[in-house]
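In our numbering, the protein residues as written are -4 to 183.
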Amino acid sequence: MKLNSTDFQRGGLSIEDSFDVASALGGAGIDLLEISGGNYAMPAMEGVAHPAGTTSGYFLDYAVELGRRVETPLMLTGGLRTRADMEGALARGIDMVGIARPMASVPDYPARILAGEPEPTLPRDPRRTGYRPIDGYLQLAAHNDQLHRMAHGLAPKNSAGLSTAVPAIARTGRAALRQARTTAAEVV
Ligand SMILES: Cc1cc2nc3c(=O)[nH]c(=O)nc-3n(C[C@H](O)[C@H](O)[C@H](O)COP(=O)(O)O)c2cc1C
């Protein structure tokens, strides 16, 4: 299961809520819990919800604290890029680390890290507009775009801006612009 530490939204999932959910999942016997955070309106994947310069695993402290409360093996995803940061997370008791966005342009990123190579250079992030939902959408759109390029045998693009959103919206259709939130009732 993948679990948000928090969705950073008023009335949304708080850190205490997610500790409760994690305990319940652990009690239900899941094999692995992946910790990340945010959602499409407040994407932690962009690092927007974190102090500038926090790169060594956005949710590391949370995951370490969670590890004290549950016995389920934990995986940490979000912002991990360097071998040192990944090893740092493992040294603090995290069982597994996850890498998402680098895979959209360097699919053998983990193999290179494991081989002891220097961290591969990644394309620049889309320029920020300062409006979080748009910046989050641009992050998604830019990485989606790289995946589509890879599928067509094209090299990754090294820059992404507002124009990145256009093909993404075209591909997704009107649903791309609709704000939606799945409720617990819908999931059940
Ligand atoms: C194009 C794209 C699609 C994603 N889709 C999902 C998703 O469907 N569900 C999910 O939990 N996380 C999704 N994520 C978030 C990633 O799984 C990951 O938690 C996040 O990018 C932080 O990890 P990173 O810093 O290594 O990228 C997506 C990320 C990207 C870039």
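From the three backbone atoms N, C-alpha and C, an ideal C-beta is built for every residue, glycine too. None of the values given here were measured: they were computed from a predicted structure.
**Request:** Measure the CB-CB distance between SER18 and LYS(-3) and report whether it falls below 8 angstroms.
**Result:** no
**Item:** Cβ-based burial, TYR57 [other Cβ within 10 Å; buried from 16]
**Value:** buried
**Message:** On the DSSP bridge list, what partners appear for ASN(-1)?
**Reply:** SER31
**Request:** Would you mind giving the Cβ-Cβ distance between LEU69 and LEU61, rounded to the nearest angstrom? I have them listed as a contact below 8 angstroms.
**Result:** 7 angstroms
**Message:** Relative to the C-alpha of GLU66, which candidate in TYR104, PHE14 and GLU82 has its C-alpha closest?
**Reply:** PHE14
**Prompt:** Taking the DSSP output, what are the residues bridged to MET70?
**Reply:** According to DSSP, MET70 bridges with GLU29 and MET91.
**Prompt:** Mind checking whether the beta-carbon of HIS138 lies closer than 7 angstroms to any heavy atom of ligand 1?
**Reply:** Checking every heavy atom of ligand 1 against the Cβ of HIS138, one is found closer than 7 angstroms.
**Prompt:** In whole angstroms, what is the alpha-carbon distance linking PRO97 and GLY6?
**Reply:** PRO97 and GLY6 have their alpha carbons spaced roughly 32 angstroms apart.
**Asked** Three or more C-beta pairs closer than 8 angstroms, one from the region 115 to 129 and one from the region 150 to 157: is that the case here?
**Response** yes
**Request:** Could you round the C-beta distance between GLY88 and VAL59 to whole angstroms and report it? I think they count as a contact, below 8 angstroms.
**Result:** 6 angstroms
**Request:** Take ILE25 and list the residues in its own chain whose beta-carbon comes closer than 8 angstroms to its own, dropping the five residues that flank it on each side.
**Result:** MET(-4) and THR67
**Message:** Classify THR77: buried if its beta carbon has 16 or more other beta carbons within 10 angstroms, exposed otherwise.
**Reply:** Looking at its Cβ environment, which holds fewer than 16 other Cβ atoms inside 10 Å, THR77 is exposed.
**Message:** ligand 1 and THR77: does the residue's C-beta get closer than 7 angstroms to at least one heavy atom of that ligand?
**Reply:** Not a single heavy atom of ligand 1 lies less than 7 angstroms from the C-beta of THR77.
**Prompt:** Which same chain residues, not among the five before or five after ALA198, have their C-beta less than 7 angstroms away from its C-beta?
**Reply:** With the chain covering -4 to 183 only, the question about residue 198 has no answer from this structure.
**Limits of the alpha helix (DSSP H) - the one that GLU60 falls within** = It spans 55 to 64 - the alpha helix (DSSP H) in which GLU60 sits, taken as one unbroken run.
**Request:** Report yes if the C-beta distance between THR116 and ALA95 is below 8 angstroms; otherwise report no.
**Result:** no
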